[in-house]
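S.K.:
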Amino acid sequence: MDLFAFPPLALLLDLTTRALLALTTALEPVTAGAAAAVAVVVVTLLVRLVLIPVGVSQARAEQTRARLAPRLRALQQRWKGNTERLQRETMQLYRDEGASPVAGCLPLLAQAPVVGLLYAVFLHPTVGGQANALLAHDLLGAPLGRSLVAAVTTGTADARTLAVFAVLVAVIVAAAELTRRLLRPAVDPAAPAWTTPLFGALQFTTAVVALFVPLAAALYLTVTTVWTLVQRVVLRRRYPLPA
1 MDLFAFPPLA
11 LLLDLTTRAL
21 LALTTALEPV
31 TAGAAAAVAV
41 VVVTLLVRLV
51 LIPVGVSQAR
61 AEQTRARLAP
71 RLRALQQRWK
81 GNTERLQRET
91 MQLYRDEGAS
101 PVAGCLPLLA
111 QAPVVGLLYA
121 VFLHPTVGGQ
131 ANALLAHDLL
141 GAPLGRSLVA
151 AVTTGTADAR
161 TLAVFAVLVA
171 VIVAAAELTR
181 RLLRPAVDPA
191 APAWTTPLFG
201 ALQFTTAVVA
211 LFVPLAAALY
221 LTVTTVWTLV
231 QRVVLRRRYP
241 LPA
């Protein structure tokens, strides 16, 4: 069932498509055939600019969690036999400090609707009863509406499509590796040993997602991943973790 068949979501899809088409048209005199791809990059940058306060909140929350780690470990030791009491005391500690244990997830949650809309826009051949003109656009010869997995499984993957996706995935993986090396979270001795490699592996899940979504969405993920790395490096200097 297509969720965007419901009138409110269909209207949102139509408005998003029209906005992207208008931006693409405005960029065509400067960027020519890459106008739609550049429009996706512009949208990504605008979204990330709007979310800068959320990124600052995330950095402050990470600093707070690192500072509270000894007190959290003390709570875990004191109430390890009482899960309900441990949860209450943990949440009370965060409230007393004016922090939230889920603040680190805010940038991802805030961007999810944008990625979902881009995915939907470049997935629908018709929008608002008309052919989706955005699907005629490409990036260096790779169609913006085609995912790598779909291209491979249908036998339509050409050298250009493979090359473009390879570059995007390589950039995402490189950014994830730099994030893992430069922005290691504070180690919690009370946490199970298996959580450390798990958190490291989670940095690379975006690269896997990029293989399954249309190229336009993969481009968004690439730009936002690089932005996230740069922003977190800058904010880590502003809000360093306790030694």
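Counting along the sequence shown from 1, when you hit position 144 you're at 144 in our numbering, and nothing is skipped either side. The beta-carbon is built from N, C-alpha and C at its ideal position, and this holds for glycine as well. Quick caveat, the model's predicted, so the values are computed rather than measured.
Assign Val-127 to one of three DSSP states: helix, strand, or coil.
M.R.: Counting from one through the sequence shown, the residue named residue 127 turns up at place 127. Residue state, collapsed to three classes: strand.
S.K.: How many angstroms separate the CA atom of Ala-19 from the CA atom of Ala-207?
M.R.: Here residue 19 corresponds to residue number 19 of the sequence shown, with the count starting at 1. Here residue 207 corresponds to residue number 207 of the sequence shown, with the count starting at 1. Between Ala-19 and Ala-207, the C-alpha separation is close to 27 Å.
S.K.: What span of residues does the alpha helix (DSSP H) with Leu-182 cover, start to end?
M.R.: The residue labelled residue 182 in the question sits at position 182 within the sequence shown. Note, Leu-182: alpha helix (DSSP H), 159 to 182.
S.K.: Using 8 Å as the cut-off, can you tell me whether the segment 158 to 177 makes contact with the segment 218 to 236, which would need three or more C-beta pairs spanning the two stretches below that distance?
M.R.: yes
S.K.: What distance in whole Å lies between the Cβ atoms of Val-121 and Leu-13, which are believed to be in contact at a cut-off of 8 Å?
M.R.: Taking the first residue of the sequence shown as position 1, residue 13 is located at position 13. Taking the first residue of the sequence shown as position 1, residue 121 is located at position 121. The C-beta separation of Leu-13 from Val-121 comes to about 7 Å, placing the pair in contact by the 8 Å criterion.
S.K.: How about Ala-218 and Leu-168: are their beta carbons less than 9 Å apart?
M.R.: In the sequence shown, residue 218 corresponds to position 218, counting from 1. In the sequence shown, residue 168 corresponds to position 168, counting from 1. Yes, Cβ-Cβ distance for Ala-218 and Leu-168 is below 9 Å.
S.K.: So, are the CB atoms of His-137 and Ala-37 less than 9 Å apart?
M.R.: Reading the sequence shown from its first residue, position 137 is the one you call residue 137. Reading the sequence shown from its first residue, position 37 is the one you call residue 37. Their beta carbons are under 9 Å apart, which means His-137 touches Ala-37 by this criterion.
S.K.: Going by beta-carbon coordinates alone, are Gln-111 and Leu-51 separated by less than 9 Å?
M.R.: The residue given as residue 111 occupies position 111 in the sequence shown. The residue given as residue 51 occupies position 51 in the sequence shown. Yes, Cβ-Cβ distance for Gln-111 and Leu-51 is below 9 Å.
S.K.: Please classify Leu-134 as buried or exposed, where buried requires at least 16 neighbouring CB atoms within 10 angstroms.
M.R.: Numbered from 1 along the sequence shown, position 134 holds the residue referred to as residue 134. With 16 or more other CB atoms across the displayed protein chains lying within 10 angstroms of its CB, Leu-134 is buried.
S.K.: Please report the Cβ distance between Glu-89 and Leu-75, rounded to the nearest whole angstrom; I am assuming they are in contact, meaning their Cβ atoms lie under 8 Å.
M.R.: Sequence index remark: in the sequence shown, residue 89 carries index 89 (1-based). Sequence index remark: in the sequence shown, residue 75 carries index 75 (1-based). The pair is a contact, with the Cβ atoms about 5 Å apart (cut-off 8 Å).
S.K.: Based on the DSSP output, what are the partners of Asp-138 in its beta bridges?
M.R.: Residue numbering aside, residue 138 sits at position 138 when the sequence shown is read from its first letter. In the DSSP output, where bridge partners are listed per residue, Asp-138 has Pro-143.
S.K.: In whole angstroms, give me the CA-to-CA distance for Leu-15 and Thr-126.
M.R.: As a first step, residue 15 is located in the sequence shown; it is residue number 15 there, counting from the start. As a first step, residue 126 is located in the sequence shown; it is residue number 126 there, counting from the start. Approximately 13 Å, taken between the alpha carbons.
S.K.: Mark Phe-4 as exposed unless 16 or more other C-beta atoms lie within 10 angstroms of its C-beta, in which case mark it buried.
M.R.: In the sequence shown, residue 4 corresponds to position 4, counting from 1. Per the 10 Å Cβ criterion, buried.
S.K.: Hey, how far is the Cα of Pro-113 from the Cα of Leu-9?
M.R.: Counting from 1 along the sequence shown, the entry for residue 113 is found at position 113. Counting from 1 along the sequence shown, the entry for residue 9 is found at position 9. Using only the alpha carbons, I get a separation of about 12 Å.
S.K.: Alpha helix (DSSP H) containing Pro-70: first to last residue?
M.R.: Counted from its first residue, the sequence shown places residue 70 at position 70. For Pro-70, the enclosing alpha helix (DSSP H) begins and ends at 52 to 78.
S.K.: Kindly indicate which three-state DSSP category Leu-241 falls into: helix, strand or coil?
M.R.: Along the sequence shown, one-based indexing puts residue 241 at 241. The answer is coil: DSSP assigns Leu-241 none of H, G, I, E or B.
S.K.: Starting from Glu-28, trace the alpha helix (DSSP H) both ways and give me its first and last residue.
M.R.: Counting from 1 along the sequence shown, the entry for residue 28 is found at position 28. Unbroken alpha helix (DSSP H) run through Glu-28: 7 to 31.
S.K.: Given that a residue counts as buried once 16 or more other Cβ atoms are within 10 Å of its Cβ, and exposed if not, what is Glu-84?
M.R.: For the purposes of this step, residue 84 is taken as the residue at position 84 of the sequence shown. When all chains shown are included, Glu-84 counts as exposed.
S.K.: Over the uninterrupted alpha helix (DSSP H) stretch that includes Phe-204, give me the two end residues.
M.R.: As a first step, residue 204 is located in the sequence shown; it is residue number 204 there, counting from the start. Counting along the chain, Phe-204 falls outside any alpha helix (DSSP H), and DSSP gives it neither H nor E.
S.K.: For Thr-153, report the span of its alpha helix (DSSP H) as first-last.
M.R.: Within the sequence shown, numbered from 1, the residue matching residue 153 stands at position 153. It spans 148 to 153 - the alpha helix (DSSP H) in which Thr-153 sits, taken as one unbroken run.
S.K.: Three-state secondary structure (DSSP) at Asp-83?
M.R.: Your numbering for residue 83 matches position 83 in the sequence shown. The question names Asp, but residue 83 is Thr in the sequence shown. Looking at Thr-83 - three-state DSSP - the assignment turns out to be helix.
S.K.: Excluding sequence positions up to five away, which residues of its chain have a Cβ less than 7 Å from the Cβ of Leu-182?
M.R.: On the sequence shown, position 182 is the one that residue 182 refers to. Closer than 7 Å at the Cβ level, and outside the excluded window around Leu-182, lie Val-233.
S.K.: Using 8 Å for Cβ pairs, my map puts Ala-142 next to Leu-215. What's the rounded Cβ distance?
M.R.: As a first step, residue 142 must be located in the sequence shown, where it is residue number 142. As a first step, residue 215 must be located in the sequence shown, where it is residue number 215. Indeed, because the Cβ distance is near 6 Å, the residues count as touching under 8 Å.
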